[in-house]
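Trainee: Residue numbers (the working numbering): 2 to 565. Cβ coordinates follow ideal geometry from the N, Cα and C atoms, glycine included. All values reported here derive from a predicted model rather than from experimental measurement. Pasting in a structure now, in structure tokens, and then I'll have a few things to ask.
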Amino acid sequence: MDYKAQVTNSILQALGTDDLTSAEVYQKLERPKELAMGDLAFPTFTLAKTMHKAPNMIAEELVAKIDTAAYEKVEVKGAYINFFLDKARFSNEVLTTITEEGVAYGQNDNGKGGNVPIDMSSPNIAKPISMGHLRSTVIGNSIAKILSKNGYHPIKDNHLGDWGTQFGKLIVAYKKWGNEDDVRKDPINNLVKYYVKFHVEDKEHPELDDEAREVFKKLEDGDEETTQLWEWFREESLKAFNEVYDKLGVTFDTYNGEAFYNDKMNIGIDILKDKNLLEESQGAQVVKLDKYDLNPALILKSDGATLYITRDIATAIYRDRTYKPAMNLYVVGSEQTYYFQQLKAVLLEMGLPSAENLHHIPFGLITVNGKKLSTRSGRIILLDEVLDEAIELSQKQIEEKNPNLPNKEEVAKEVGVGAIIFGDLKNERTNNIDFVLEDQLRFEGETGPYVQYSHARAESILRKANPVDFHSADKHLSDPNAWETIQILNDFPVVVESACKDFEPSEIAKYSLKLAKAFNKYYAHSKILVEDDQLAARLTLVKSVSTVLKESLNLLGVKAPDEM
Ligand code: ARG
2 MDYKAQVTNS
12 ILQALGTDDL
22 TSAEVYQKLE
32 RPKELAMGDL
42 AFPTFTLAKT
52 MHKAPNMIAE
62 ELVAKIDTAA
72 YEKVEVKGAY
82 INFFLDKARF
92 SNEVLTTITE
102 EGVAYGQNDN
112 GKGGNVPIDM
122 SSPNIAKPIS
132 MGHLRSTVIG
142 NSIAKILSKN
152 GYHPIKDNHL
162 GDWGTQFGKL
172 IVAYKKWGNE
182 DDVRKDPINN
192 LVKYYVKFHV
202 EDKEHPELDD
212 EAREVFKKLE
222 DGDEETTQLW
232 EWFREESLKA
242 FNEVYDKLGV
252 TFDTYNGEAF
262 YNDKMNIGID
272 ILKDKNLLEE
282 SQGAQVVKLD
292 KYDLNPALIL
302 KSDGATLYIT
312 RDIATAIYRD
322 RTYKPAMNLY
332 VVGSEQTYYF
342 QQLKAVLLEM
352 GLPSAENLHH
362 IPFGLITVNG
372 KKLSTRSGRI
382 ILLDEVLDEA
392 IELSQKQIEE
402 KNPNLPNKEE
412 VAKEVGVGAI
422 IFGDLKNERT
432 NNIDFVLEDQ
442 LRFEGETGPY
452 VQYSHARAES
462 ILRKANPVDF
472 HSADKHLSDP
482 NAWETIQILN
492 DFPVVVESAC
502 KDFEPSEIAK
512 YSLKLAKAFN
522 KYYAHSKILV
532 EDDQLAARLT
542 LVKSVSTVLK
552 ESLNLLGVKA
562 PDEM
């Protein structure tokens, strides 16, 4: 419910002039920090100039004209008019809406079903999936859920790095030093080993590079033996990636990696040629982007070989034609920001309809316990290991706190994995984060487990109470202790819209923390389960908190166990 609109109307009526527009009044309304100052405050300072009176006098005059019946009270404090909402009435409205809508509370139709391909996760074949890819995976997954909640139709596309000259190197290395059984047993680690060895050896034997180039050429031309090896590496790598995705609970709609576009590259190159956008530069073909204040984009190497951007152009055309997208999202680390500026500029020059709506969604670096992540050096921290460690830690905690919990294993997984996802998503995307695992797993503080625990606490209260029919229950809750929680519950739809507009899951995460905190404060100050005429209303509040916490976590891709 938009009670700011109600207060705005009251003020406009009392003003009776057109000194301020409705939008101006709306914008001026403040939410006071202290409950004693009311729920909304209207400052009169700016009116003093046009009305030639002292602000507090203006406030007094306006209040005299306001119809106060709709409020608990309306007071003047200095230059401010403080509005106190009718708590029982307001609570009833908020709790009724949530009870009726359930998990659909906060759903809107702003997106009108528009398709939104999300380029996300996109790890490279034959390399470990890194924490950077984790960020892309969980941020992309959450944005997809937030988009759905806002009426869009997201299409999660895993744009695997499964093509390029590095596959020539890998195949050469495998043939020289590889072993089939080893790859089957531990594909990623062994493939990385071969790749690293290639780079060591080619320093002394530069002819290896020529060999690799030839092999990649064979692959591009569809040579059977090379293709089979490539397919096998891809399959084994995907198996390893899927283990991680399973743990994270993330699925994809398509896995159209770079190789998928190998036979679709000409369409883009033809358009570039038709529009006279390609220029020769030292034998290579580039698109000049001076107009955008960007360096030229290299599209074809001098030997005609395609590049990362050539494949991305093909991808964008394919998505444009297949989905007629309302927006095109790329959840890829900040280090590729310049690259995506170039890509967008080239697509704009090409006149691709959806180029305007291409959004690169960047994010910062992540380190774990202060350690950097890399795939080349020996000291790699694998996402898989981090997840397992988190699950183990949460198992220990549950063993201490609730040893009799029936489905301990499952809950430990939901809490451990949830802690990592939440620990990532609570930060503004573009921030760099250092992950201290133990901190993220605490049941108190700004953590996923804290929100999960608050949800479980709400569920446990409901289990202890006699069953209530929430639909018919009286929801006129007037308890001032419950007020903060009610107001936060009312904010959810606005937060859902804003998180979508900003592509910012952290807004949902922060919201869930705020709601959990308010609810725990309420729980500490009020006896919920006492038998009186507000019992049903209180339980409806508890149920609503549970619903909204669960849905907030769901929008982040985090599970909400009923007991933990
Ligand atoms: N595979 C790339 C990497 O790991 C990310 C791909 C991002 N998506 C894209 N369409 N370029 O850096």
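Keeping to the same chain, check which residues put their C-beta closer than 7 angstroms to that of Glu73; ignore five residues upstream and five downstream.
Mentor: Same-chain partners within the cutoff: Phe85, Leu86, Asp87, Lys88.
Trainee: Assuming contact is defined by CB atoms lying nearer than 8 angstroms, are Ile489 and Leu516 in contact in what I supplied?
Mentor: Yes.
Trainee: How many Å lie between Glu357 and Glu35 at the Cα?
Mentor: So the alpha carbons of these two residues sit roughly 44 angstroms apart.
Trainee: Output the distance between the C-alpha atoms of Ala519 and Ser11, rounded to the nearest integer angstrom.
Mentor: Their backbone Cα atoms lie some 29 angstroms apart in a straight line.
Trainee: What number of angstroms, rounded off, separates the C-alpha of Gly417 from the C-alpha of Asn405?
Mentor: About 18 angstroms.
Trainee: Hey, Gly558 and Ile422: beta-carbon distance below 8 angstroms or not?
Mentor: Cβ atoms of Gly558 and Ile422: closer than 8 angstroms.
Trainee: Could you check whether the Cβ of Ser395 sits closer than 8 angstroms to any Cβ belonging to chain C?
Mentor: Structure shown: chain C not included; a single protein chain is present.
Trainee: Can you find the residues in the same chain that come closer than 6 angstroms, C-beta to C-beta, to Leu359, ignoring five residues on each side of it along the sequence?
Mentor: Answer for Leu359: Asn329, Lys345, listed in chain order.
Trainee: Which ranges would you report for the alpha helix (DSSP H) in the region 438–523 if only whole runs of at least 4 residues count?
Mentor: Here the runs fully enclosed are 438–441, 449–465, 484–502.
Trainee: Excluding sequence positions up to five away, which residues of its chain have a Cβ less than 8 angstroms from the Cβ of Lys502?
Mentor: Correct list: empty, nothing qualifies.
Trainee: Expressed to the nearest angstrom, what Euclidean distance is found between the alpha-carbon atoms of Ala457 and Asn403?
Mentor: Going by the C-alpha atoms only, they are around 12 angstroms apart.
Trainee: Within the same chain, show all residues whose beta-carbon is closer than 8 angstroms to that of Leu220, passing over the 5 residues directly before and after it, in chain order.
Mentor: Hits under 8 angstroms: Phe168, Gly169, Ile172, Thr227, Thr228, Trp231.
Trainee: Go through its chain and collect everything with a Cβ distance to Val104's Cβ below 8 angstroms, but skip five positions before and after it.
Mentor: Excluding positions up to five away in sequence, the list reads Thr548, Lys551, Glu552, Asn555.
Trainee: Using a Cβ-Cβ cut-off of 7 angstroms (strictly less than) and excluding sequence neighbours within five positions of Val496, which residues of its own chain qualify?
Mentor: Same-chain partners within the cutoff: Glu508, Ile509, Tyr512.
Trainee: Going by other Cβ atoms of all chains shown within 10 Å of its Cβ, with 16 needed for buried, is Ala525 buried or exposed?
Mentor: Ala525 comes out exposed.
Trainee: Assuming Glu61 contacts Val77 (C-beta within less than 8 angstroms), just tell me the rounded distance between them.
Mentor: Correct: roughly 6 angstroms between the Cβ atoms.
Trainee: If I measure Cβ to Cβ from Gly379 and keep anything under 6 angstroms in the same chain, skipping five residues before and after, which residues do I get?
Mentor: Confidence in Gly379 is poor, its pLDDT being 40 and thus under 50, which makes the residue's placement unreliable; the coordinate value appears in the next sentence. Counting only Cβ-Cβ distances below 6 angstroms, and skipping sequence neighbours, we find nothing.
Trainee: Looking only at C-alpha atoms, which of Glu439, Gly424, Val184 sits nearest to Asn432?
Mentor: For Asn432, the nearest C-alpha among the options comes from Gly424.
Trainee: Is Thr316 near ligand 1, with its Cβ less than 7 angstroms from a heavy atom?
Mentor: Yes, ligand 1 has a heavy atom inside 7 angstroms of this Cβ.
Trainee: Shorter than 7 angstroms, the distance from the beta carbon of Tyr331 to the closest heavy atom of ligand 1, or not?
Mentor: At least one heavy atom of ligand 1 is nearer than 7 angstroms to the Cβ of Tyr331, so yes.
Trainee: Thinking Ile300 and Gln286 are a contact (beta carbons under 8 angstroms), I'd like their distance in whole angstroms, please.
Mentor: Their Cβ separation, rounded to whole angstroms, is 5 angstroms, which keeps Ile300 and Gln286 in contact under 8 angstroms.
Trainee: Taking 7 angstroms as the cut-off, is the CB of His160 close to at least one heavy atom of ligand 2?
Mentor: No copy of ligand 2 appears in this structure; the ligands present are ligand 1.
Trainee: Apart from the five residues just before and just after Lys198, which ones in its own chain have a Cβ nearer than 8 angstroms to its Cβ?
Mentor: Here the set comprises Ala174, Trp178.
Trainee: If you run the structure through DSSP and keep just helix, strand and coil, what is Asn93?
Mentor: Correct three-state label for Asn93: helix.
Trainee: Output the distance between the C-alpha atoms of Ser123 and Asp389, rounded to the nearest integer angstrom.
Mentor: Approximately 22 angstroms, taken between the alpha carbons.
Trainee: Ignore the nearest five residues each way along the sequence and tell me which others in Ile367's own chain have a CB closer than 8 angstroms to its CB.
Mentor: The answer, listed in chain order, is Met132, Gly133, Leu135, Arg136, Leu374, Asp425, Asn433, Ile434, Asp435, Phe436.
Trainee: What are the partner residues of Lys528, as DSSP defines its beta bridges?
Mentor: Paired residue(s): none; Lys528 is not in a bridge.
Trainee: So the alpha helix (DSSP H) Val347 belongs to, where does it begin and stop?
Mentor: Where Val347 is concerned, the enclosing alpha helix (DSSP H) stretches over 338–351.
Trainee: If we call anything under 8 angstroms between Cβ atoms a contact, is Ala42 one with Ile82?
Mentor: A contact, by the Cβ cut-off of 8 angstroms.
Trainee: Out of Pro129, Gly165, Lys113, which one is the CA nearest neighbour of Leu148?
Mentor: Considering only alpha carbons, the answer is Lys113.
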